[in-house]
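**Q** The opening position of the sequence shown corresponds to residue 1 in the UniProt record's numbering, with each subsequent residue numbered one higher.
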Amino acid sequence: MQYLISAREIILCAVVFESPAILERSGVGSRKVLAAANIPVLYELPGVGENLQDHLNCSLSCETEDDIPTRDEALRNPEEQKAALLEYERSHTGRLSEGSAYSFAFTPLQMLETSSETQELAEKVKYWVEKESNPSLQTQYSVIQKTIESPNEATATTFMLRSQRHRDTDSLPKDTPPFVNGNYVTVAAMLAHPFSRGSCHISSDPSHPPVIKFNYLSHPLDMEILARHLRLIERLFQQPTFTAITKPKGNRLPRSFPYPISSLEDAKKILPINAATNYHPSSTCSMMREDLGGVVDEWLGVYGTKNVRVCDASVLPIIPRGNILTAVYAFAEKAAEMICREEESSL
């Protein structure tokens, strides 16, 4: 099916997966992708749909003393869940009106690791950044490297939940219950600036949904940095504030690794089975120079076009360290101001 849209200017706000797909269906994108979908190339722009990034998190949970209130009973009780849903639908109050996490910290590894651990990581980052031959990734990685080397820049967001959390169901028998008994406190780390890159492209049948590949943990540094943050969480669990509320020999989660972390290798074993997305996809129409794989310029204009812009999370070249929503609001407001100013000057 084809659509013809006639307008003085078109602003794509179809978000990270559909904005590049619309460009590709319109003949703007990688020659290889368009050829596979039998779409004529109007302008070859290989960066369309590339550079996909997302925030990945992983957590550890400890069983608390029985008198510590958590949200675990609500997770296990279908009737309580139903009542909470009805209350929220009626008055937007109750459990479902609460956020899942309340305590957040932007955490720099350098602040909390030993000097030898910091030096070891710096050497590994230097090795992988210098090894990268792709000019676009080399440029992006150099920016991320500076944040890792700074004691004032967060390498992860650490947050706490008043409930159990485990994502390892796929590694357990099919009849394993979704939740376990007991009350739990969970601390998770969300990787601030991943090195791994994915993609989002139309399939060979353009009427089908885009093919999304996140490639989580495909870069060794993501595994290394996130594992170090899990090690920090384990150290946090050994501090008096947590030992005062957790059972000395209580259960640990994830269920497939119910032991305290004693090494980085332990942490790296947990990541593939217990990591989860924070639902912050970005960067598939990145604002970069065209020769570096960029899709839009500093005015949000799509290279090779005269009147097409993209204005959504896909234009972020490097994912922000926290929730991307604030950044999207900020540049969307700036874009609206810029576009209005251009319109006024043309009158």
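Using N, Cα and C, we set each Cβ at its ideal position, and we do this for glycine too. Just so you know, these numbers come straight off a predicted model, no measurement behind them.
Let me know if L325 comes out buried or exposed under the rule of 16 or more other beta-carbons within 10 Å of its beta-carbon.
**A** Exposed is the call here.
**Q** Which residues bound the beta strand (DSSP E) around T186?
**A** Its beta strand (DSSP E) spans residues 184-191.
**Q** Starting from R231, trace the alpha helix (DSSP H) both ways and give me its first and last residue.
**A** Segment 220-237, the alpha helix (DSSP H) holding R231.
**Q** Looking at C-alpha atoms only, which residue of T284, M287, A156, V185 is the closest neighbour of R228?
**A** That would be A156, whose Cα lies nearest to the Cα of R228.
**Q** Using three-state DSSP, classify I11 as helix, strand or coil.
**A** Three-state DSSP puts I11 in a strand.
**Q** For Y127, count neighbouring Cβ atoms within 10 angstroms of its own Cβ and tell me buried if that reaches 16, exposed if not.
**A** It counts as exposed.
**Q** Taking only three categories from DSSP, how would you classify V129?
**A** Note: V129 maps to helix in three-state DSSP.
**Q** From N278, S204, K124, pick the residue whose C-alpha is nearest to that of I39; which is it?
**A** It is S204 whose Cα lies nearest to the Cα of I39.
**Q** By the 10 Å Cβ neighbour count, where 16 or more other Cβ atoms means buried, how is S263 classified, buried or exposed?
**A** Classification for S263: exposed.
**Q** In the DSSP assignment, find the unbroken beta strand (DSSP E) run with M160 in it and report its ends.
**A** 156-161 is the span of the beta strand (DSSP E), which, as asked, contains M160.
**Q** Run through the DSSP bridge pairs and tell me what F104 is partnered with.
**A** For F104, which the question treats as bridged, DSSP gives the partners F159.
**Q** Is the segment 35-49 touching the segment 297-305, taking contact as three or more C-beta pairs under 8 Å?
**A** Contact holds: three or more Cβ-Cβ distances are below 8 Å.
**Q** Among R25, T158, R95, which one has its Cα closest to the Cα of G322?
**A** Minimum Cα distance to G322 is reached at T158.
**Q** From M160 to V187, what does the alpha carbon distance come to, in whole angstroms?
**A** Roughly 4 Å separates the two Cα atoms.
**Q** Whose C-beta lies closer than 8 Å to the C-beta of T176 among residues of the same chain, with five residues either side of it excluded?
**A** So the list reads T169, R255, once near-sequence residues are dropped.
**Q** Looking only at its own chain, which residues have a Cβ that is under 7 Å from the Cβ of V143, when we skip the five neighbours before and after it?
**A** Counting only Cβ-Cβ distances below 7 Å, and skipping sequence neighbours, we find I318.
**Q** If I follow the unbroken beta strand (DSSP E) through E63, where does it start and stop?
**A** Unbroken beta strand (DSSP E) run through E63: 56-63.
**Q** Would L52 and F237 qualify as a contact pair, given that the criterion is a beta-carbon distance under 9 Å?
**A** Not in contact: L52 and F237 (Cβ atoms no closer than 9 Å).
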